[in-house]
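First the structure, in the form of structure tokens, and then the observations on it.
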Amino acid sequence: MKAIARTALLLSLAIPSIITASGSGSVPIQRPFDVISNQDVERYDDEKVWRIDWSTMNDSKKKEVMDVVELLDLDVWHTSQRSIDVRLNSKQLEVLYGYLPNEAFHPFINDLQSLVDLSSVQEEEYDYIPSKVSGEIRQESVERELFELMKKKKKKGKGKTKPKPSLPPIDPYNLTTIDTPFHDKFHSLKEIYKFGDTLISTFNDTHQNISGIHIKEVDIGKTYENRTIKGWSAKIHHNKTGEGDPGYPTVMVDEEEVELEYVVIAGQHGREWVGPSSALYFLHHLLLRAAEDPKSDSAILLRSFRFTVVPQINPDGYEYSRDKSRMWRKNRQEVGGKGKCLGIDLNSNWGYKWRSSRSTACSEGYGGREAFEAYETKATSEYLSGAAERGNRVRAFVDLHSYGQLFMFPFAHSCDDFPPDAEMLMEAGLGVAKAMRTKQGEGYEAGQACDLTYRAPGDAIDYSYGVTDVRWSYSAELRDTGTYGFMLPPKLIRPTADEITAGLMYLAKFIYALEVNPP
């Protein structure tokens, strides 16, 4: 009771000051939709990202911290067993200083706007990485190197010096090689969809392509703003080489022959750009290796599973993050509230053990008024639950996010809900983490979601496992561990994608060995 009273007192003092600060030039965590005009791009001046160390706190104390975070509508970037990362302005920081000991705070992004500016330049100068010291970005380094890059851009634009001879530009849509420069930049939704169309024209079974690959576009549904959620689904149906086929196209389930499906989604949160890029890289790698060698692991797996990749299930939020507000997390659905708020956190809106939170409709973690209120979660859940109508059974589901370097199995909402397959899920997850670490040297942690992050209802993997009976359900948090957060430099796209591709391939081979072609 004493802790609750103290929290109430702090909030009564804090909320008016935050409202006042927002009205006097400080940027609030989320602006209502009628505040940002079509010309405005949201800025993050006076905002930092702080890491709160809660490794010594018990569950009750952690809950108190999260209660304050929710009531103040703070933007939570990442949670783990050891810490929680939150975005704060100076007024909000004062409030938390009154609640938590100063030694529990650790700033690791000192000027968020400088990092946003830097990431914008990196869209063109994608071979650049700023200096790091002890896992933090030094603010003076960011500012200095941003200045140097801008100076470099101006020099390029003057045109007074004779340009150096250069090689002809490589077509990013030449998908006959994994070295295409497409995988070295972040892309608009239009470019992502063009890439998917090019996968079809490059790899689909034709008289010139005897691999037997069939890839098609999948229409998952529509977003609130009426954009199409697109995916691409690939399978090898036969082997035109005439050689023995080591794969097994279908398996028997309840005395019926069904096709097994392996589904990968990304982009639930608009600002997590590396997830969609990695999903596209994975599918490209899989198709390329299968086309090159009919006896490769990729070809065997494509004869055994239908691989469906939906690289961006939140197109509205993603495009808004690119054009207007780099830190935008949710979809763009009208949800009401006092500030005419927009957006539902998709990964808090899936219909297994869903419950409403105390977050306001404008908060980044708002999970909606009911499960599947979001157009995007409803459409994607219907795809998963409708597998039988397609003659399929979804056997694996992997949801790509960033950041944190984790590979997690259900459940996320509570550790009291323990999956019967936990031992096998953990074994496969540890193998995935090892495969990823072996590929690039970056460590990934495997375990149950409720253990590795703060417990949250409405998670996609809870729904896929608990409702649609997808045994191998996982959520991956890709790079990094907080140095850049959501603004991973373009140079790190390919290494990140390469390691998750190794992990996804390992998982597919694990399921194949256990269920499709057991010893």
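Under mature numbering (1 follows the signal peptide of the UniProt record, and there is no 0), read the sequence shown as residues -25 to -1, 1 to 494, first letter to last. In this text, a Cβ means the ideal position worked out from N, Cα and C, and glycines have one as well. All of these numbers come straight from a predicted model, not from anything done at the bench.
- For the beta strand (DSSP E) containing His81, list its first residue and its last residue. Numbered from its first residue, the sequence shown carries residue 81 at position 106. Counting along the chain, the beta strand (DSSP E) containing His81 begins and ends at 80 to 84.
- Message: Please report the distance separating the alpha-carbon of Ser208 from that of Val445.
- Response: On the sequence shown, residue 208 is found 233 positions in, with the first residue counted as 1. On the sequence shown, residue 445 is found 470 positions in, with the first residue counted as 1. Ser208 and Val445 have their C-alpha atoms spaced approximately 18 Å apart.
- Using beta-carbon positions only, say whether Asn179 and His189 come within less than 8 Å of one another. Within the sequence shown, numbered from 1, the residue matching residue 179 stands at position 204. Within the sequence shown, numbered from 1, the residue matching residue 189 stands at position 214. Yes, the Cβ-Cβ distance between Asn179 and His189 is below 8 Å.
- Query: In the stretch 325 to 383, which residue ranges form an unbroken alpha helix (DSSP H) of at least 4 residues, counting only runs that do not cross its ends?
  - Reply: 350 to 360
- Item | Cβ pair Trp248, Phe382 closer than 8 Å | The residue labelled residue 248 in the question sits at position 273 within the sequence shown. The residue labelled residue 382 in the question sits at position 407 within the sequence shown. Cβ distance not < 8 Å, so Trp248 and Phe382 don't count as in contact.
- Item | Beta-carbon gap between residue 508 and Gly242 smaller than 8 Å | Because residue 508 is not part of the residues shown, which for the chain are -25 to 494, the question remains open.
- Item | Span separating the alpha-carbon of Val491 from that of Thr443 | Start at 1 with the first residue of the sequence shown, and residue 491 comes out as number 516. Start at 1 with the first residue of the sequence shown, and residue 443 comes out as number 468. Val491 and Thr443 have their C-alpha atoms some 20 Å from each other.
- Message: Considering only their Cβ atoms, is the gap separating Ser300 from Pro432 smaller than 8 Å?
- Response: Within the sequence shown, numbered from 1, the residue matching residue 432 stands at position 457. Within the sequence shown, numbered from 1, the residue matching residue 300 stands at position 325. Contact flag unset, no.
- Task: Provide the residue(s) that pair with Glu420 in DSSP beta bridges, ordered along the chain.
- Result: In the sequence shown, counting from the first residue as 1, residue 420 sits at position 445. Leu381, per the DSSP bridge assignment.
- Query: Quick one: Cα of Asn149 to Cα of Ser176, how far?
  - Reply: To locate residue 149, count along the sequence shown from 1; it is residue 174. To locate residue 176, count along the sequence shown from 1; it is residue 201. In a straight line, the C-alpha of Asn149 is about 11 Å away from that of Ser176.
- Query: Is Cys390 helix, strand or coil by DSSP?
  - Reply: Reading the sequence shown from its first residue, position 415 is the one you call residue 390. Coil.
- Could you check what DSSP says for Lys414 in three-state terms: helix, strand or coil? Here the question's residue 414 lines up with position 439 in the sequence shown. Reduced to three states, the DSSP call for Lys414 is helix.
- Query: Nearest to Tyr350 by alpha carbon, out of Ile27, Pro290, Gly366?
  - Reply: Counting from 1 along the sequence shown, the entry for residue 350 is found at position 375. The option with the nearest alpha carbon to Tyr350 is Pro290.
- Query: Looking at C-beta atoms only, is the number of pairs between the stretch 406 to 415 and the stretch 74 to 87 that lie closer than 8 Å three or more?
  - Reply: no
- Task: Give the secondary structure of Asp298 by DSSP, where H, G and I count as helix, E and B as strand, and everything else as coil.
- Result: Numbered from its first residue, the sequence shown carries residue 298 at position 323. The answer is helix: DSSP assigns Asp298 an H, G or I state.
- Message: Quick check on the burial criterion: 16 or more other C-beta atoms within 10 angstroms. Buried or exposed for Lys38?
- Response: As a first step, residue 38 must be located in the sequence shown, where it is residue number 63. Exposed, since its Cβ has fewer than 16 Cβ neighbours within 10 Å.
- Can you tell which of Gly171, Thr456, Cys390, Phe347 has the C-alpha that lies nearest to the C-alpha of Ser377? For the purposes of this step, residue 377 is taken as residue 402 along the sequence shown, with counting starting at 1. Residue Thr456 is the option with its Cα nearest to Ser377.
- Determine the burial state of Lys205: buried for a count of at least 16 other Cβ atoms within 10 Å of its Cβ, exposed for fewer. By one-based count along the sequence shown, residue 205 stands at place 230. The residue is buried, with at least 16 neighbouring Cβ atoms inside 10 Å.
- Which residue's Cα is closest to the Cα of Leu258: Gly478, Tyr487, Glu22? The residue given as residue 258 occupies position 283 in the sequence shown. Comparing Cα-Cα distances from Leu258 to each of Gly478, Tyr487, Glu22, the minimum goes to Gly478.
- Message: For Ala265 and Pro147, I'd like the C-alpha separation in whole angstroms.
- Response: Locating residue 265 in the sequence shown gives position 290, where the first residue counts as 1. Locating residue 147 in the sequence shown gives position 172, where the first residue counts as 1. Roughly 21 Å between the two C-alpha positions.
- Query: In this structure, what does DSSP give as the bridge partners for Leu405?
  - Reply: In the sequence shown, the residue the question calls residue 405 occupies position 430. Answer is none; Leu405 lacks a bridge partner.
- Query: According to DSSP, is Gln209 helix, strand or coil?
  - Reply: Here residue 209 refers to the residue found at position 234 of the sequence shown. Looking at the sequence provided, one finds Ala at residue 209 rather than Gln. Strand, per DSSP.
- Does DSSP put Phe280 in a helix, in a strand, or in coil? Residue 280 sits at position 305 when you count from the first residue of the sequence shown. If DSSP states are grouped into helix, strand and coil, Phe280 belongs with the strands.
- Assign Asn64 to one of two classes, buried (16 or more other C-beta atoms within 10 Å of its C-beta) or exposed (fewer than that). Indexing the sequence shown from 1 puts residue 64 at position 89. A residue is called buried once 16 or more other Cβ atoms fall within 10 Å of its Cβ, and Asn64 is buried on that count.
- Kindly indicate which three-state DSSP category Leu47 falls into: helix, strand or coil? The sequence position of residue 47 within the sequence shown is 72, counting from 1. In this structure, Leu47 counts as coil in the three-state DSSP scheme.
- Is it buried or exposed for Asp50, if we count other Cβ within 10 angstroms and need 16 for buried? Taking the sequence shown and counting its residues from 1, one reaches residue 50 at position 75. Classification for Asp50: buried.
- Does the Cβ of Gly311 have 16 or more other Cβ atoms within 10 Å, making it buried, or fewer, making it exposed? Mapped onto the sequence shown, residue 311 falls at position 336. It counts as exposed.
- Message: Any contact between the stretch 262 to 280 and the stretch 468 to 487? By contact I mean 3 or more CB pairs, one from each, below 8 Å.
- Response: yes
- Going by CA-CA distance only, name the one from Val285, Asp194, Arg307, Glu339 that's closest to Val44. For the purposes of this step, residue 44 is taken as residue 69 along the sequence shown, with counting starting at 1. The alpha carbon of Val44 has as its nearest neighbour, out of Val285, Asp194, Arg307, Glu339, the alpha carbon of Glu339.
- Query: Is it the case that the Cβ atoms of Trp325 and Tyr438 are separated by a distance below 8 Å?
  - Reply: Residue numbering aside, residue 325 sits at position 350 when the sequence shown is read from its first letter. Residue numbering aside, residue 438 sits at position 463 when the sequence shown is read from its first letter. A distance below 8 Å separates the beta carbons of Trp325 and Tyr438.
- Task: Using only the heavy atoms of the ligand PLP, determine whether one of them is closer than 7 Å to the beta carbon of Gly242.
- Result: By its list of ligands, the structure shown contains no ligand whatsoever, and the ligand PLP lies outside what it can speak to.
- Message: Restricting to runs no shorter than 3 residues, where is the beta strand (DSSP E) found entirely within the stretch 461 to 487?
- Response: Runs of the beta strand (DSSP E) inside the stretch 461 to 487: none found.
- Message: For Pro143, count the other beta carbons within 10 Å of its own beta carbon; 16 or more makes it buried, fewer makes it exposed. Which is it?
- Response: Looking up residue 143 in the sequence shown gives position 168. Flag for Pro143 reads exposed.
- Query: Distance, Cα to Cα, Val284 vs Pro465?
  - Reply: Residue mapping note: residue 284 aligns to position 309 of the sequence shown, counting from 1. Residue mapping note: residue 465 aligns to position 490 of the sequence shown, counting from 1. Distance between the alpha carbons of Val284 and Pro465: 21 Å.
- Of the choices Ser252, Gly404, Arg297, whose alpha-carbon is the least far from that of Ser94? Locating residue 94 in the sequence shown gives position 119, counting from the first residue. Among Ser252, Gly404, Arg297, the Cα nearest to that of Ser94 belongs to Arg297.
- Query: Excluding five sequence neighbours on each side, which residues of the same chain lie with their C-beta closer than 7 Å to the C-beta of Ser109?
  - Reply: Position 134 of the sequence shown holds residue 109. Bear in mind that the predicted position of Ser109 carries a pLDDT of just 35, short of 50, making it unreliable; the figure below should be weighed with that in mind. For Ser109, where only same-chain residues beyond five positions count, there are no Cβ hits under 7 Å.
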